[in-house]
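Residue numbers (the working numbering): 987 to 1159. Backbone N, C-alpha and C define an ideal beta-carbon position, used for all residues, glycine too. Since this is a predicted model, take the numbers as computed values, not measurements.
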Amino acid sequence: MLEAVRWVIVVTVAAFSSAAMAGDVDQGRAALAAALKNVKGTLESGLKAGERVGRPISAKFVVEDGVLQLSLLIVKDDGISEFNLYPAIGMINEVVDIADPDKIKAAAAQKLAIESATISLFAATESAVKANNGFRAISVVPMLSEGRPVAMVTLLGSDGFRVVAEKLYRFGF
């Protein structure tokens, strides 16, 4: 019972956080939904591609300057890097230095969550998509909830967006 209440709180916080930025977010989401309409590549395949470079700690589809890309934050031996994968090309072709202090802080928190995870972001994302028929993943962000790692997976379907929480640990954590 307590576990169920915790999950409701995590999902509710994520939903209200999203609602707080509704104006810009709605425009951005509409552009993202339109850009993804004919794209066959998935967030999951992007995470798999990222695993060849290092350990993905988050992933999200974004539209920048009218171009759809999949942004991956990946931990490597030399730190955290941002990689951009362009679905039209199907490969990672750009590495971006992370200079924004807010982005560095968020990446550090995501890395901390991933370091305590026993389930990969790929597996968590795949699980969320399978449990929500007709939806596709557009972002996955790990976080710690009461000291346990969870992934907040944003999904897009014909009836809109949905945020779900997936455990990044097995029982007995």
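query: Which of the three DSSP states, helix, strand or coil, is assigned to S1031?; result: helix
query: Which class does R1122 belong to by DSSP, given the choice of helix, strand or coil?; result: strand
query: Just mark Q1096 as buried or exposed, buried being the case when its beta carbon has 16 or more other beta carbons within 10 Å.; result: buried
query: May I ask which residues mark the beginning and end of the beta strand (DSSP E) holding S1044?; result: R1041 to E1050
query: Mind checking S1044: buried by the 16 CB within 10 Å criterion, or exposed?; result: buried
query: Just to confirm the assignment, what range does the alpha helix (DSSP H) spanning E1112 have?; result: L1107 to A1117
query: Determine the direct distance from the alpha carbon of E1132 to that of T1028, and round the result to whole angstroms.; result: 30 angstroms
query: With burial defined as no fewer than 16 other Cβ atoms inside 10 Å of the residue's Cβ, what is the status of K1091: buried or exposed?; result: exposed
query: Report the residue from L1058, L1071, V1048 and K1026 whose alpha carbon sits nearest the alpha carbon of R1041.; result: L1058
query: In the DSSP assignment, find the alpha helix (DSSP H) that holds A953 and state where it starts and stops.; result: A query on residue 953 cannot be resolved here, the shown segment of the chain reaching from 987 to 1159 and no further.
query: Any chance the segment 1133-1149 sits against the segment 1081-1090, with 3 or more Cβ pairs inside 8 angstroms?; result: no
query: Applying the 10 Å Cβ sphere with the 16-neighbour rule, what's the burial state of A1000?; result: Its pLDDT being 48, under 50, A1000 is placed unreliably in this model, and the value from its coordinates should be taken loosely. Buried.
query: Smallest Cα separation from L958: which of A1017, A1103, R1015 and I1066?; result: There is simply no residue 958 to check, as the chain begins at 987 and stops at 1159 in what is shown.
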